[in-house]
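Protein chains in written order, with our numbering: chain A, 192 to 312; chain B, 192 to 312.
The beta-carbon is built from N, C-alpha and C at its ideal position, and this holds for glycine as well.
Small disclaimer: the values here were computed from a predicted structure and weren't measured.
Following: one structure in structure tokens, then a few remarks.
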DNA sequence: CGGAATCCATAGTGATACTG
DNA sequence: CAGTATCACTATGGATTCCG
């Protein structure tokens with residue numbers, strides 16, 4: 192059969208790239224619950240700048256993870272919401288959190304020094 | 192009540208950080224199958240430099256995702272293998288790949304221009 | 001209100017040469 | 001063989017100012 196030897200690590204990298212960015216996960220985490228306006232996101236994410244918020248949202252939008260809706264009002268209003276595509280990632284993200292809680296915090300594999308020694312064979 | 196409001200996105204970010212690095216996923220993907228020597232990894236990963244391979248392996252080691260074993264031979268031999276911690280990530284990574292294959296390649300949510308328009312309310 | 005434009009600091013990545 | 005050291009480049013993140 193095909194047995195494409197699927198460059199799975201390629202897919203993995205590309206999928207990973209979509210989520211890479213200091214604030215993307217936090218943004219998506221908020222949007223997971225409800226729709227947010229630009230200013231709301233800014234207030235909800237302490238430490239982020241407009242520059243970064245704009246940039247990250249633009250990337251998320253380009254990747255089809257969030258939808259940006261502009262209301263022709265004055266003053267202007269812009270709302271952001273996540274797409275089904277992003278929502279489908281929920282379980283996987285939770286699995287990653289579960290992994291972290293189980294393995295990430297203990298860090299048992301840390302014997303004496305760096306690198307194990309082995310006496311030849 | 193505890194109800195820690197679990198900074199899940201914090202855990203998520205830290206877990207994510209462990210895997211961030213241009214070559215880490217590819218390295219782990221290889222080590223998933225068997226033990227590799229330094230030179231083998233270099234040949235198996237086209238485009239990587241010794242510098243980067245060393246750096247990424249060191250980080251993976253520090254994070255407890257791979258184990259480095261030095262054999263006191265001449266010429267020197269160093270082997271790398273993944274830890275149970277890293278191996279436990281397998282299913283999650285596969286879930287991410289599955290997500291990518293289902294949602295990542297279509298990218299349907301791309302109507303006319305950037306940002307949807309909405310006529311006031 | 002929700003940006004864009006500009007300038008700047010840092011970290012990650014990469015090529016090359018040298019070493020135990 | 002398996003690194004380390006050095007330098008250069010690029011991407012990312014951030015502060016500030018200005019605009020429709």
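| query | Using a beta-carbon distance below 8 Å, is residue 295 of chain B in contact with chain A? | reply | yes
| query | Is residue 273 of chain B helix, strand or coil by DSSP? | reply | strand
| said: Let's test the definition: count the other Cβ atoms within 10 Å of the Cβ of residue 276 of chain A and tell me whether it reaches 16, buried, or not, exposed. | reply: buried
| request: Work out the CA separation of residue 213 of chain B and residue 222 of chain A for me, nearest whole Å. | output: 28 Å
| task | Closer than 7 Å by C-beta to residue 303 of chain B: which residues in its own chain qualify, once you throw out the five before and the five after it? Chain order, please. | result | Here the model assigns residue 303 of chain B a pLDDT of 41, short of 50, so the residue's position is not dependable and the matter cannot be decided.
| query | Under the DSSP definition of a beta bridge, which residues are partnered with residue 309 of chain A? | reply | B:262
| query | With 16 other CB atoms within 10 Å as the buried threshold, where does residue 238 of chain B fall? | reply | exposed
| query | Looking at C-alpha atoms only, which residue of B:281, B:240, B:288 and B:254 is the closest neighbour of residue 211 of chain B? | reply | B:254
| Where the alpha helix (DSSP H) through residue 254 of chain B begins and ends | Counting along the chain, residue 254 of chain B falls outside any alpha helix (DSSP H), and DSSP gives it neither H nor E.
| Beta-carbon gap between residue 288 of chain A and residue 287 of chain B smaller than 8 Å | no
| query | Under the three-state reduction of DSSP, which class applies to residue 223 of chain A: helix, strand or coil? | reply | coil
| task | List the whole-angstrom C-beta distance separating residue 242 of chain A from residue 217 of chain B, where the pair is believed to meet the contact cut-off of C-beta under 8 Å. | result | Not a contact, Cβ separation roughly 32 Å.
| said: Quick check on the burial criterion: 16 or more other C-beta atoms within 10 angstroms. Buried or exposed for residue 296 of chain A? | reply: exposed
| task | Let me know if residue 299 of chain A comes out buried or exposed under the rule of 16 or more other beta-carbons within 10 Å of its beta-carbon. | result | Note that residue 299 of chain A scores a pLDDT of 46, beneath 50, so its modelled location is shaky; the value from the coordinates is reported in the next line. The residue is exposed, with fewer than 16 neighbouring Cβ atoms inside 10 Å.
| Chain-ordered residues of the stretch 216-240 of chain A with a beta carbon less than 7 Å from chain B | 216, 217 and 220
| request: For residue 273 of chain B, return the contacting residues in chain A, with the cut-off set at a CB-CB distance below 8 Å. | output: Near residue 273 of chain B there are no residues of chain A at all, since even the closest Cβ is about 11 Å away, more than 8 Å.
| Thinking C-alpha only, which one of A:292, A:220 and A:229 is nearest residue 266 of chain A? | A:229
| If we ignore side chains and look at the alpha-carbon of each, how far apart do residue 262 of chain A and residue 283 of chain B end up? | 38 Å
| Cβ-Cβ separation, residue 279 of chain B to residue 291 of chain A (assumed contact under 8 Å), whole Å | So it is not a contact: roughly 11 Å between Cβ atoms.
| query | Less than 7 Å between the CB of residue 285 of chain B and some heavy atom of the ligand GDP, yes or no? | reply | Of ligands this structure carries none, so the ligand GDP is not represented either.
| From A:227, A:249, A:285 and A:207, pick the residue whose C-alpha is nearest to that of residue 215 of chain B; which is it? | A:207
| request: Could you tell me which residues DSSP puts in a beta bridge with residue 228 of chain A? | output: A:270
| said: Report the CB separation of residue 256 of chain A from residue 273 of chain A in whole angstroms; it is logged as a contact under 8 Å. | reply: 6 Å
| said: According to DSSP, simplified to helix, strand and coil, what is residue 198 of chain A? | reply: coil
| Close-in-space but distant-in-sequence residues of the same chain around residue 260 of chain A (CB under 8 Å, 5 per side omitted) | 269, 270, 271 and 272
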